[in-house]
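Numbering (my numbering), first residue to last: 1 to 386. For every residue, glycine included, the Cβ atom is placed at its ideal position computed from N, Cα and C.
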(Lines of atoms letter the chains of each structure in order from A and count residues from 1; the text may use other names and numbers.)
(Lines give C-alpha, C1' and ligand atoms only; values in the text may rest on other atoms or scores of the structure.)
Protein backbone atom coordinates (compact mmCIF):
# COMPACT_ATOMS: atom_id res chain seq x y z
CA UNK A 1 0.00 0.00 0.00
CA UNK A 2 2.83 2.38 0.95
CA UNK A 3 4.71 1.52 -2.24
CA UNK A 4 1.63 2.27 -4.37
CA UNK A 5 1.14 5.52 -2.47
CA UNK A 6 4.71 6.62 -3.15
CA UNK A 7 4.49 5.73 -6.83
CA UNK A 8 1.30 7.73 -7.30
CA UNK A 9 2.99 10.76 -5.75
CA UNK A 10 6.04 10.35 -7.98
CA UNK A 11 3.70 10.24 -10.97
CA UNK A 12 1.91 13.36 -9.70
CA UNK A 13 5.19 15.27 -9.31
CA UNK A 14 6.22 14.17 -12.80
CA UNK A 15 2.96 15.47 -14.31
CA UNK A 16 3.18 18.78 -12.44
CA UNK A 17 6.72 19.33 -13.75
CA UNK A 18 5.51 18.57 -17.29
CA UNK A 19 2.70 21.09 -16.81
CA UNK A 20 5.18 23.74 -15.58
CA UNK A 21 7.46 23.45 -18.60
CA UNK A 22 4.64 23.09 -21.12
CA UNK A 23 3.70 26.79 -21.13
CA UNK A 24 7.11 28.33 -21.88
CA UNK A 25 7.86 25.50 -24.29
CA UNK A 26 4.58 26.05 -26.16
CA UNK A 27 5.35 29.77 -26.37
CA UNK A 28 8.80 29.01 -27.74
CA UNK A 29 7.37 26.66 -30.35
CA UNK A 30 5.01 29.44 -31.42
CA UNK A 31 7.41 32.40 -31.65
CA UNK A 32 10.84 30.76 -31.68
CA UNK A 33 13.73 33.00 -30.58
CA UNK A 34 11.30 35.87 -30.32
CA UNK A 35 10.35 34.57 -26.87
CA UNK A 36 13.26 36.61 -25.42
CA UNK A 37 11.32 39.78 -26.16
CA UNK A 38 8.42 38.73 -23.88
CA UNK A 39 8.37 40.07 -20.34
CA UNK A 40 9.76 37.35 -18.00
CA UNK A 41 7.20 38.15 -15.29
CA UNK A 42 4.34 37.40 -17.72
CA UNK A 43 5.81 34.01 -18.62
CA UNK A 44 6.60 33.08 -15.01
CA UNK A 45 3.17 34.24 -13.81
CA UNK A 46 1.35 32.27 -16.52
CA UNK A 47 3.48 29.15 -16.00
CA UNK A 48 2.98 29.30 -12.23
CA UNK A 49 -0.78 29.77 -12.49
CA UNK A 50 -1.06 26.95 -15.00
CA UNK A 51 0.98 24.62 -12.80
CA UNK A 52 -1.42 25.14 -9.89
CA UNK A 53 -4.50 24.75 -12.10
CA UNK A 54 -3.09 21.61 -13.74
CA UNK A 55 -2.21 20.03 -10.38
CA UNK A 56 -5.79 20.40 -9.18
CA UNK A 57 -7.20 19.22 -12.51
CA UNK A 58 -4.93 16.16 -12.68
CA UNK A 59 -5.87 15.04 -9.18
CA UNK A 60 -9.56 15.74 -9.71
CA UNK A 61 -9.77 13.61 -12.87
CA UNK A 62 -8.06 10.66 -11.16
CA UNK A 63 -4.91 10.39 -13.25
CA UNK A 64 -3.25 8.50 -10.38
CA UNK A 65 -5.83 5.80 -9.78
CA UNK A 66 -4.53 3.89 -12.78
CA UNK A 67 -1.26 1.96 -13.05
CA UNK A 68 1.22 3.17 -15.66
CA UNK A 69 2.14 -0.42 -16.56
CA UNK A 70 -1.47 -0.93 -17.69
CA UNK A 71 -2.05 2.43 -19.34
CA UNK A 72 -4.94 2.22 -21.80
CA UNK A 73 -7.38 4.28 -23.84
CA UNK A 74 -9.33 5.15 -20.68
CA UNK A 75 -6.20 6.73 -19.20
CA UNK A 76 -5.69 8.79 -22.37
CA UNK A 77 -9.28 10.03 -22.15
CA UNK A 78 -8.77 11.08 -18.52
CA UNK A 79 -5.56 12.90 -19.46
CA UNK A 80 -7.35 14.68 -22.31
CA UNK A 81 -10.13 15.85 -19.99
CA UNK A 82 -7.71 17.07 -17.33
CA UNK A 83 -5.48 18.91 -19.83
CA UNK A 84 -8.46 20.48 -21.61
CA UNK A 85 -9.90 21.83 -18.37
CA UNK A 86 -6.50 23.14 -17.21
CA UNK A 87 -5.77 24.94 -20.51
CA UNK A 88 -9.30 26.38 -20.67
CA UNK A 89 -9.09 27.73 -17.11
CA UNK A 90 -5.65 29.25 -17.79
CA UNK A 91 -6.99 30.96 -20.92
CA UNK A 92 -9.86 32.41 -18.89
CA UNK A 93 -7.59 33.58 -16.05
CA UNK A 94 -5.14 35.26 -18.43
CA UNK A 95 -7.99 36.90 -20.31
CA UNK A 96 -9.40 38.36 -17.08
CA UNK A 97 -6.02 39.53 -15.79
CA UNK A 98 -4.08 40.60 -18.88
CA UNK A 99 -6.67 40.56 -21.69
CA UNK A 100 -4.18 38.30 -23.51
CA UNK A 101 -2.66 41.35 -25.14
CA UNK A 102 0.84 39.88 -24.97
CA UNK A 103 0.20 36.19 -25.84
CA UNK A 104 -0.39 34.61 -29.27
CA UNK A 105 -3.89 33.14 -29.46
CA UNK A 106 -2.57 29.84 -30.86
CA UNK A 107 -0.29 29.24 -27.85
CA UNK A 108 -2.98 27.48 -25.72
CA UNK A 109 -3.74 25.11 -28.62
CA UNK A 110 -0.04 24.27 -29.01
CA UNK A 111 0.22 23.82 -25.25
CA UNK A 112 -2.71 21.37 -25.25
CA UNK A 113 -1.06 19.09 -27.84
CA UNK A 114 2.35 19.46 -26.18
CA UNK A 115 1.12 18.54 -22.70
CA UNK A 116 -0.86 15.59 -24.06
CA UNK A 117 2.33 14.32 -25.66
CA UNK A 118 4.38 14.84 -22.50
CA UNK A 119 1.91 13.04 -20.23
CA UNK A 120 0.78 10.31 -22.62
CA UNK A 121 4.22 9.69 -24.07
CA UNK A 122 5.84 9.10 -20.70
CA UNK A 123 3.19 6.54 -19.79
CA UNK A 124 3.54 4.77 -23.13
CA UNK A 125 7.34 4.70 -22.80
CA UNK A 126 7.10 3.23 -19.29
CA UNK A 127 4.66 0.54 -20.44
CA UNK A 128 6.84 -0.46 -23.40
CA UNK A 129 9.91 -0.65 -21.16
CA UNK A 130 8.13 -2.85 -18.60
CA UNK A 131 6.74 -5.18 -21.27
CA UNK A 132 10.19 -5.62 -22.79
CA UNK A 133 11.74 -6.30 -19.39
CA UNK A 134 9.09 -8.98 -18.80
CA UNK A 135 9.88 -10.59 -22.14
CA UNK A 136 13.61 -10.60 -21.34
CA UNK A 137 12.93 -12.14 -17.94
CA UNK A 138 10.97 -14.95 -19.58
CA UNK A 139 13.86 -15.67 -21.93
CA UNK A 140 16.34 -15.73 -19.03
CA UNK A 141 14.13 -18.12 -17.06
CA UNK A 142 13.74 -20.41 -20.06
CA UNK A 143 9.96 -20.24 -19.66
CA UNK A 144 8.22 -22.57 -22.11
CA UNK A 145 4.72 -21.58 -23.17
CA UNK A 146 2.08 -23.74 -24.81
CA UNK A 147 1.51 -22.63 -28.43
CA UNK A 148 -2.16 -21.89 -29.08
CA UNK A 149 -4.16 -21.02 -32.20
CA UNK A 150 -7.09 -18.64 -31.83
CA UNK A 151 -10.31 -18.85 -33.85
CA UNK A 152 -11.90 -15.41 -34.03
CA UNK A 153 -10.24 -12.02 -34.33
CA UNK A 154 -12.51 -9.97 -32.06
CA UNK A 155 -12.22 -8.11 -28.77
CA UNK A 156 -11.84 -11.26 -26.63
CA UNK A 157 -8.92 -12.41 -28.78
CA UNK A 158 -7.28 -8.98 -28.54
CA UNK A 159 -7.58 -8.94 -24.74
CA UNK A 160 -6.17 -12.47 -24.47
CA UNK A 161 -3.16 -11.74 -26.69
CA UNK A 162 -2.45 -8.46 -24.89
CA UNK A 163 -2.43 -10.19 -21.51
CA UNK A 164 -0.26 -13.10 -22.71
CA UNK A 165 2.34 -10.61 -23.94
CA UNK A 166 2.20 -8.60 -20.72
CA UNK A 167 2.04 -11.32 -18.06
CA UNK A 168 5.21 -13.05 -16.92
CA UNK A 169 3.48 -16.20 -15.66
CA UNK A 170 0.98 -17.03 -18.40
CA UNK A 171 1.43 -20.56 -19.81
CA UNK A 172 0.24 -19.64 -23.32
CA UNK A 173 1.84 -18.29 -26.49
CA UNK A 174 -0.52 -17.28 -29.29
CA UNK A 175 1.16 -18.25 -32.56
CA UNK A 176 -1.64 -17.38 -34.96
CA UNK A 177 -5.24 -16.29 -35.48
CA UNK A 178 -7.85 -17.71 -37.83
CA UNK A 179 -10.58 -15.19 -38.63
CA UNK A 180 -14.28 -15.80 -39.15
CA UNK A 181 -14.33 -13.21 -41.95
CA UNK A 182 -12.03 -12.34 -44.84
CA UNK A 183 -11.73 -8.67 -43.82
CA UNK A 184 -9.09 -9.23 -41.13
CA UNK A 185 -6.88 -11.74 -42.93
CA UNK A 186 -3.36 -10.39 -43.44
CA UNK A 187 -3.59 -8.01 -40.48
CA UNK A 188 -2.26 -8.62 -36.95
CA UNK A 189 -3.06 -8.11 -33.28
CA UNK A 190 -0.16 -7.14 -31.04
CA UNK A 191 2.24 -8.76 -33.49
CA UNK A 192 0.22 -11.96 -33.99
CA UNK A 193 -0.83 -12.50 -37.62
CA UNK A 194 -4.37 -13.26 -38.78
CA UNK A 195 -3.37 -16.13 -41.05
CA UNK A 196 -6.54 -17.16 -42.87
CA UNK A 197 -10.28 -17.75 -42.58
CA UNK A 198 -11.81 -20.74 -40.80
CA UNK A 199 -12.43 -22.67 -44.02
CA UNK A 200 -8.63 -23.01 -44.29
CA UNK A 201 -8.15 -24.14 -40.68
CA UNK A 202 -6.49 -27.46 -41.49
CA UNK A 203 -4.07 -25.82 -43.92
CA UNK A 204 -3.09 -23.32 -41.23
CA UNK A 205 -2.51 -26.07 -38.66
CA UNK A 206 -0.36 -28.02 -41.14
CA UNK A 207 1.80 -24.96 -41.86
CA UNK A 208 2.20 -24.10 -38.18
CA UNK A 209 3.18 -27.69 -37.46
CA UNK A 210 6.28 -27.19 -39.63
CA UNK A 211 7.08 -23.80 -38.14
CA UNK A 212 9.10 -22.49 -35.22
CA UNK A 213 6.64 -23.44 -32.46
CA UNK A 214 5.37 -26.68 -33.94
CA UNK A 215 1.81 -27.99 -33.70
CA UNK A 216 -0.49 -25.78 -31.59
CA UNK A 217 -1.43 -27.51 -28.33
CA UNK A 218 -4.70 -25.64 -27.93
CA UNK A 219 -7.38 -24.58 -30.41
CA UNK A 220 -9.08 -21.69 -28.61
CA UNK A 221 -12.47 -20.30 -29.62
CA UNK A 222 -13.33 -16.67 -28.97
CA UNK A 223 -16.39 -14.48 -29.41
CA UNK A 224 -18.73 -15.48 -32.24
CA UNK A 225 -16.69 -18.61 -32.97
CA UNK A 226 -18.70 -20.43 -30.29
CA UNK A 227 -21.88 -19.81 -32.26
CA UNK A 228 -20.42 -20.51 -35.71
CA UNK A 229 -22.09 -23.18 -37.82
CA UNK A 230 -18.80 -25.03 -38.35
CA UNK A 231 -17.81 -25.42 -34.70
CA UNK A 232 -18.70 -29.12 -34.71
CA UNK A 233 -16.21 -29.59 -37.56
CA UNK A 234 -13.53 -27.82 -35.50
CA UNK A 235 -14.08 -30.33 -32.70
CA UNK A 236 -13.25 -33.13 -35.15
CA UNK A 237 -10.19 -31.29 -36.49
CA UNK A 238 -8.86 -30.67 -32.98
CA UNK A 239 -9.35 -34.34 -32.12
CA UNK A 240 -7.64 -35.45 -35.34
CA UNK A 241 -4.51 -33.42 -34.55
CA UNK A 242 -4.51 -34.25 -30.84
CA UNK A 243 -5.27 -30.64 -29.85
CA UNK A 244 -7.34 -29.57 -26.86
CA UNK A 245 -10.36 -27.44 -27.73
CA UNK A 246 -10.93 -24.54 -25.35
CA UNK A 247 -12.74 -21.21 -25.18
CA UNK A 248 -12.07 -17.69 -23.92
CA UNK A 249 -14.31 -15.83 -21.44
CA UNK A 250 -17.21 -13.85 -22.89
CA UNK A 251 -16.63 -10.15 -23.55
CA UNK A 252 -19.41 -9.20 -21.11
CA UNK A 253 -17.67 -11.14 -18.32
CA UNK A 254 -14.40 -9.34 -19.09
CA UNK A 255 -16.03 -5.91 -19.00
CA UNK A 256 -17.83 -6.64 -15.74
CA UNK A 257 -14.70 -8.06 -14.12
CA UNK A 258 -16.20 -11.54 -13.78
CA UNK A 259 -13.38 -13.26 -15.65
CA UNK A 260 -9.64 -13.06 -16.24
CA UNK A 261 -8.60 -12.43 -19.88
CA UNK A 262 -6.02 -15.23 -19.51
CA UNK A 263 -8.59 -17.74 -18.29
CA UNK A 264 -9.41 -20.42 -20.86
CA UNK A 265 -11.54 -23.45 -20.17
CA UNK A 266 -12.56 -26.60 -22.06
CA UNK A 267 -15.47 -26.24 -24.44
CA UNK A 268 -18.65 -27.69 -22.97
CA UNK A 269 -21.52 -29.10 -25.02
CA UNK A 270 -23.74 -26.14 -24.09
CA UNK A 271 -21.12 -23.78 -25.57
CA UNK A 272 -21.75 -25.30 -29.01
CA UNK A 273 -25.55 -25.41 -28.91
CA UNK A 274 -26.06 -22.09 -30.68
CA UNK A 275 -29.08 -21.48 -28.46
CA UNK A 276 -29.87 -21.10 -24.74
CA UNK A 277 -29.42 -24.36 -22.85
CA UNK A 278 -32.73 -26.07 -22.03
CA UNK A 279 -33.16 -26.46 -18.29
CA UNK A 280 -34.92 -29.58 -17.05
CA UNK A 281 -37.93 -28.98 -14.79
CA UNK A 282 -37.18 -31.83 -12.41
CA UNK A 283 -40.33 -31.38 -10.34
CA UNK A 284 -42.51 -31.83 -13.44
CA UNK A 285 -40.47 -34.87 -14.51
CA UNK A 286 -40.87 -36.42 -11.06
CA UNK A 287 -44.64 -35.89 -11.20
CA UNK A 288 -44.72 -37.64 -14.58
CA UNK A 289 -42.59 -40.66 -13.62
CA UNK A 290 -43.10 -41.28 -9.90
CA UNK A 291 -45.19 -44.41 -9.16
CA UNK A 292 -45.67 -45.14 -12.90
CA UNK A 293 -44.87 -48.32 -14.86
CA UNK A 294 -42.06 -47.33 -17.25
CA UNK A 295 -40.69 -49.15 -20.32
CA UNK A 296 -37.35 -48.17 -21.89
CA UNK A 297 -36.46 -49.58 -25.30
CA UNK A 298 -32.79 -49.74 -26.24
CA UNK A 299 -32.12 -49.72 -22.50
CA UNK A 300 -28.56 -51.01 -22.86
CA UNK A 301 -27.37 -48.34 -25.30
CA UNK A 302 -25.54 -45.12 -24.43
CA UNK A 303 -28.72 -43.02 -24.50
CA UNK A 304 -31.07 -45.71 -23.16
CA UNK A 305 -28.85 -46.62 -20.21
CA UNK A 306 -28.57 -42.99 -19.14
CA UNK A 307 -32.36 -42.66 -19.41
CA UNK A 308 -32.71 -45.71 -17.16
CA UNK A 309 -30.40 -44.15 -14.55
CA UNK A 310 -32.29 -40.85 -14.59
CA UNK A 311 -35.73 -42.49 -14.52
CA UNK A 312 -34.77 -44.73 -11.60
CA UNK A 313 -33.91 -41.65 -9.52
CA UNK A 314 -37.54 -40.43 -9.78
CA UNK A 315 -39.07 -43.54 -8.20
CA UNK A 316 -41.17 -45.37 -10.81
CA UNK A 317 -43.37 -48.21 -9.59
CA UNK A 318 -41.59 -50.57 -12.01
CA UNK A 319 -38.97 -50.52 -14.76
CA UNK A 320 -39.03 -52.72 -17.85
CA UNK A 321 -35.75 -52.76 -19.76
CA UNK A 322 -35.86 -53.90 -23.40
CA UNK A 323 -32.82 -54.35 -25.66
CA UNK A 324 -31.70 -56.51 -28.56
CA UNK A 325 -28.14 -56.75 -27.24
CA UNK A 326 -27.58 -59.33 -24.52
CA UNK A 327 -24.45 -57.92 -22.90
CA UNK A 328 -25.62 -54.26 -22.86
CA UNK A 329 -28.92 -55.33 -21.30
CA UNK A 330 -27.11 -57.44 -18.72
CA UNK A 331 -24.83 -54.53 -17.79
CA UNK A 332 -27.61 -52.01 -17.11
CA UNK A 333 -29.65 -54.69 -15.29
CA UNK A 334 -26.74 -55.38 -12.91
CA UNK A 335 -26.22 -51.65 -12.36
CA UNK A 336 -29.88 -51.17 -11.41
CA UNK A 337 -29.71 -54.20 -9.09
CA UNK A 338 -26.83 -52.55 -7.25
CA UNK A 339 -28.02 -48.92 -7.16
CA UNK A 340 -31.83 -49.30 -7.05
CA UNK A 341 -32.61 -52.77 -5.69
CA UNK A 342 -35.95 -51.56 -4.33
CA UNK A 343 -37.42 -50.76 -7.76
CA UNK A 344 -39.20 -53.76 -9.37
CA UNK A 345 -37.73 -54.36 -12.83
CA UNK A 346 -37.74 -56.79 -15.71
CA UNK A 347 -35.08 -57.15 -18.38
CA UNK A 348 -36.45 -58.30 -21.74
CA UNK A 349 -34.25 -59.47 -24.60
CA UNK A 350 -36.10 -58.53 -27.77
CA UNK A 351 -36.19 -56.47 -30.98
CA UNK A 352 -38.57 -53.52 -31.33
CA UNK A 353 -39.20 -54.64 -34.93
CA UNK A 354 -40.66 -57.92 -33.65
CA UNK A 355 -44.35 -57.03 -33.39
CA UNK A 356 -45.32 -60.23 -31.63
CA UNK A 357 -42.62 -59.84 -28.98
CA UNK A 358 -43.49 -56.20 -28.32
CA UNK A 359 -47.17 -57.12 -28.05
CA UNK A 360 -46.32 -59.71 -25.41
CA UNK A 361 -44.30 -57.16 -23.42
CA UNK A 362 -47.15 -54.62 -23.45
CA UNK A 363 -49.75 -57.25 -22.55
CA UNK A 364 -47.74 -58.57 -19.62
CA UNK A 365 -46.18 -55.43 -18.09
CA UNK A 366 -48.74 -52.80 -19.18
CA UNK A 367 -46.34 -49.80 -19.25
CA UNK A 368 -47.87 -46.37 -18.65
CA UNK A 369 -44.86 -44.47 -20.07
CA UNK A 370 -42.50 -45.58 -22.86
CA UNK A 371 -39.08 -44.04 -23.51
CA UNK A 372 -38.13 -45.24 -27.00
CA UNK A 373 -34.34 -45.14 -27.33
CA UNK A 374 -33.83 -48.20 -29.56
CA UNK A 375 -32.09 -47.03 -32.75
CA UNK A 376 -29.12 -47.63 -34.99
CA UNK A 377 -26.76 -44.74 -34.21
CA UNK A 378 -23.86 -45.66 -36.49
CA UNK A 379 -25.71 -44.83 -39.68
CA UNK A 380 -22.84 -45.12 -42.22
CA UNK A 381 -21.89 -48.54 -40.83
CA UNK A 382 -25.47 -49.79 -41.01
CA UNK A 383 -25.90 -48.44 -44.55
CA UNK A 384 -22.91 -50.53 -45.64
CA UNK A 385 -24.44 -53.61 -43.99
CA UNK A 386 -28.15 -53.63 -44.91
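- Apart from sequence neighbours up to five positions away, the residues of its chain that approach residue 373 with a beta-carbon distance below 8 Å are 296, 297, 298, 299, 301, 303, 304, 307, ordered along the chain.
- Between the stretch 87–94 and the stretch 38–50, the count of C-beta pairs closer than 8 Å reaches three or more; the two stretches touch.
- With 16 or more neighbouring CB atoms inside 10 Å of its own CB, residue 231 falls in the buried class.
- In this structure, the alpha-carbon of residue 84 lies about 18 Å from that of residue 14.
- For residue 228, the closest alpha carbon among the candidates 198, 213, 293 is that of 198.
- For the pair residue 217 and residue 175, the Cα-to-Cα distance works out to about 11 Å.
- Just so you know, the alpha carbons of residue 111 and residue 179 end up roughly 43 Å apart.
- Residue pairing from DSSP leaves residue 214 without any beta-bridge partner.
- If you look at residue 244, you'll find it in the beta strand (DSSP E) that goes 244–247.
- Taking a C-beta distance under 8 Å as the contact criterion, residue 215 and residue 234 do not qualify as a contact pair.
- Here residue 319 is near residue 336, since their CB atoms are less than 8 Å apart.
- By the Cβ-count criterion, residue 282 is exposed, with fewer than 16 other Cβ atoms from all chains shown falling within 10 Å of its own Cβ.
- Distance from the CA atom of residue 185 to the CA atom of residue 213, rounded to whole angstroms, is 21 Å.
- Annotation for residue 383: the continuous alpha helix (DSSP H) segment containing it runs 379–383.
- About 24 Å separates the CB atoms of residue 247 and residue 280; that is not less than 8 Å, and the two are not in contact.
- DSSP places residue 173 in no alpha helix (DSSP H) but in the uninterrupted beta strand (DSSP E) bounded by 172–179.
- Going by beta carbons, residue 194 and residue 153 fall inside the 8 Å limit.
- When the five nearest sequence neighbours on each side are left out, the beta carbons in the same chain lying within less than 7 Å of the beta carbon of residue 182 are those of 197, in order along the chain.
- Secondary structure at residue 372: strand, using DSSP grouped into helix, strand and coil.
- In the three-state reduction of the DSSP assignment, residue 163 falls in the helix class, which pools H, G and I.
- Shown here, residue 224 sits in a helix according to DSSP, grouped into three states.
- A residue is called buried once 16 or more other Cβ atoms fall within 10 Å of its Cβ, and residue 291, having fewer, is exposed.
- Under DSSP, residue 320 shares a beta bridge with 295, 346.
- A direct Cα-Cα distance of roughly 10 Å separates residue 63 from residue 80.
- Straight-line measurement puts the Cα of residue 16 at about 37 Å from the Cα of residue 188.
- The bridge partners DSSP lists for residue 197 are 179.
- About 26 Å separates the Cβ atoms of residue 222 and residue 124, ruling out a contact at the 8 Å cut-off.
- For residue 44, the secondary structure class from DSSP, reduced to helix, strand or coil, is helix.
- Partner residues in the beta bridge of residue 189, as assigned by DSSP, are 192.
- Look at residue 149 here: in three-state DSSP terms it is strand.
- Rounded to whole angstroms, the Cβ separation of residue 348 and residue 322 is 5 Å, and the two are in contact under 8 Å.
- In the three-state reduction of the DSSP assignment, residue 100 falls in the coil class, being assigned neither a helical nor a strand state.
- At a Cβ-Cβ threshold of 8 Å, residue 365 and residue 346 count as neighbours.
- Going by beta carbons, residue 58 and residue 82 fall inside the 8 Å limit.
- Pairing residue 117 with residue 44, the inter-Cα distance amounts to about 22 Å.
- For residue 327, the enclosing alpha helix (DSSP H) stretches over residues 326–339.
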